[in-house]
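Numbering-wise, the UniProt record's numbering puts 47 at position 47 of the sequence shown, and it's gapless, one number per residue.
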Amino acid sequence: MPPALIIIDLQNDFVAPDGVLKKSHIPLEPILNNLRPICQLFHDQGWPIIAIRSEYERASEDVSDSLSHLSGTHTGKRPFCVPGSEGANFHPDFEALLSTVSHRVVIKSQYSAFTNTNLEQILGPPQPTSPTNATLLGTPLYFAGVTANNCVLASIVSAFRAGYQCFALSDCLGSTSPNLLTASLAVIDKYYGTVLSCTSATVGTISAAAQTSRRILYYVNGSIPSWRVMMALHLKGISYTRKRLHVMTTPKETRTAEFLAINHRGKTPTLVEPDGNILIESMAILEYLHADDDSRRDPTARKAWILENQRFHETENIHNVFEDIELLYKESRNELHTRKRVYDAYVATTAELKIWERYLEHSTFIAGEEFGLADCAFFPCLAYLVHRGFDLQKEDEGFPRLKAYYDRVDALPCAKDARPKGYDKLGKSLFNEVHEIAEELKEREVDELPGSYFEAKMRRA
Numbered sequence: 001m002p003p004a005l006i007i008i009d010l011q012n013d014f015v016a017p018d019g020v021l022k023k024s025h026i027p028l029e030p031i032l033n034n035l036r037p038i039c040q041l042f043h044d045q046g047w048p049i050i051a052i053r054s055e056y057e058r059a060s061e062d063v064s065d066s067l068s069h070l071s072g073t074h075t076g077k078r079p080f081c082v083p084g085s086e087g088a089n090f091h092p093d094f095e096a097l098l099s100t101v102s103h104r105v106v107i108k109s110q111y112s113a114f115t116n117t118n119l120e121q122i123l124g125p126p127q128p129t130s131p132t133n134a135t136l137l138g139t140p141l142y143f144a145g146v147t148a149n150n151c152v153l154a155s156i157v158s159a160f161r162a163g164y165q166c167f168a169l170s171d172c173l174g175s176t177s178p179n180l181l182t183a184s185l186a187v188i189d190k191y192y193g194t195v196l197s198c199t200s201a202t203v204g205t206i207s208a209a210a211q212t213s214r215r216i217l218y219y220v221n222g223s224i225p226s227w228r229v230m231m232a233l234h235l236k237g238i239s240y241t242r243k244r245l246h247v248m249t250t251p252k253e254t255r256t257a258e259f260l261a262i263n264h265r266g267k268t269p270t271l272v273e274p275d276g277n278i279l280i281e282s283m284a285i286l287e288y289l290h291a292d293d294d295s296r297r298d299p300t301a302r303k304a305w306i307l308e309n310q311r312f313h314e315t316e317n318i319h320n321v322f323e324d325i326e327l328l329y330k331e332s333r334n335e336l337h338t339r340k341r342v343y344d345a346y347v348a349t350t351a352e353l354k355i356w357e358r359y360l361e362h363s364t365f366i367a368g369e370e371f372g373l374a375d376c377a378f379f380p381c382l383a384y385l386v387h388r389g390f391d392l393q394k395e396d397e398g399f400p401r402l403k404a405y406y407d408r409v410d411a412l413p414c415a416k417d418a419r420p421k422g423y424d425k426l427g428k429s430l431f432n433e434v435h436e437i438a439e440e441l442k443e444r445e446v447d448e449l450p451g452s453y454f455e456a457k458m459r460r461a
């Protein structure tokens, strides 16, 4: 389907001095000055222009959507856009602009222009091809109008969920305060679409957007699950848009209402497919990306597929055993029970790595001679350990095959593409302190006193 321009609520109650907002009305002239060339561009190309007009009769009830923005209205003590009122009419200057271009008008009764309207039917389905097509596209929609923090945002959320590509024309949008506008644009750009100026919206850029796959990956930098999926997407040659979320903020960006509406668990990676389907959990995403592999049905390749699948799931063992080593980041790091758990995790990690060292005796990669799904799942675990100071040449008796494997995979394009920001240099070493714990254990005889080494040490003290 062709791109479309959606202009929301340029009505008297919002943009006229004698509207409901009175002195707080949103200035219309700057919006129209930027909107005129965009409207002319869409008109000249024969692309749809949809003018949205609100009529609010009563508060919304029984709307089956988790985001209040989709079901909200401007009713209340100060009702907006009452049907038949002057405030519900388009501003005369906007009417004059509409008279110069081909357009359609859609009337809505809630914040979202998609809720209980025929807008989606007018636009057509967001996808021109089968949902199984890897080059699936999402029809690009360009949003202008008011208010950015209410009706525009709600409409973009609805469009995003339906599978459209969403673009917010920053200088064609308005709110009752600059802070509200800035905050709304930040939310849109972080979670739901792309923010750009009207000067960036040209025939060339809009046409290019219509040929771009609408696939989004929300990820956390340095997260092993996110890392896995990014490697797999590159390996499969699948294009996508990256949206990085930060978890060292308060609140975490994965715990905001906007992201929880996308993934109720508030975790990454989260993959939004072009047809609007949302996939969570890294292992599930990797299996989904591997679903078109016909080798499982090919008798001659079935054995190799079984091994690949088995090793793929085995990688969760290494992911799980070293988790307690990260307790060294906690305030309880010097407590007896914490240090014991850290040491046990270190022992379990080296034992687990010995299994993977043996796997590499007869193959170049984890499950054979070709880099595959199992490697996408395993390598980030190994690389994380190396980044945190695990020396594959010196730890325990050394892991020469894993060291060669690490160097081999780290040089691959998919590994370079997915490498977390900041991982070009080694991070803070957790294993220096692990080594101190292990060295203390070697210096004393654990069986000198009843109980474990740490309990004995405490009794001596």
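Every residue gets a Cβ at the ideal spot worked out from N, C-alpha and C, and that includes glycine.
Source: prediction; values computed, not measured.
query                                                                                                      : result
Validate contact between the region 137-153 and the region 173-182 using beta carbons, cut 8 Å, 3 pairs    : yes
Whole-angstrom distance between R388 and L430, CA atom to CA atom                                          : 6 Å
Between the CA atoms of K428 and T270 - distance to the nearest angstrom                                   : 28 Å
Rounded separation between G87 and T268 - CA only                                                          : 44 Å
Best match in L373, Q211, P27, I156 for proximity to E287 [C-alpha to C-alpha]                             : L373
Under 9 Å between C-beta atoms of D375 and A383                                                            : no
Beta strand (DSSP E) runs contained entirely in the region 207-278, provided each spans 3 or more residues : 216-219, 241-244, 270-272
Nearest candidate by alpha-carbon position, reference V187, set F312, S99, I216, T256                      : T256
Alpha-carbon to alpha-carbon, C151 and F14                                                                 : 12 Å
Per DSSP, cross-strand counterpart(s) of L196                                                              : L169
Bridge-paired residues (DSSP) for I31                                                                      : DSSP, once it has assigned bridges, lists no residue as partnering I31.
Separation of K252 from A456, as counted between CA atoms                                                  : Low confidence applies to A456: its pLDDT is 49, below 50, so where it sits in the model is not reliable, and the reading given next is rough at best. Between A456 and K252, the C-alpha separation is close to 41 Å.
For E29 and H91, the rounded distance between their alpha carbons                                          : 11 Å
Three-pair Cβ contact test at 8 Å for the region 346-361 versus the region 306-321                         : yes
Pick from S197, A51, R419, F114 that is closest to I224, judged by C-alpha positions                       : R419
Local conformation of P400 per DSSP, three classes                                                         : helix
Nearest-angstrom Cα separation, counted from H290 out to K303                                              : 16 Å
Cα-Cα separation, K340 to P413                                                                             : 39 Å
Per-residue DSSP class, three states only, for F90                                                         : strand
Sub-9 Å separation of E57 and P83 beta-carbons                                                             : yes
Cross-strand partners of L5 (DSSP beta bridge)                                                             : I49, Y142
G163 to N277 span [Cα, whole Å]                                                                            : 8 Å
Sub-9 Å separation of I52 and V105 beta-carbons                                                            : yes
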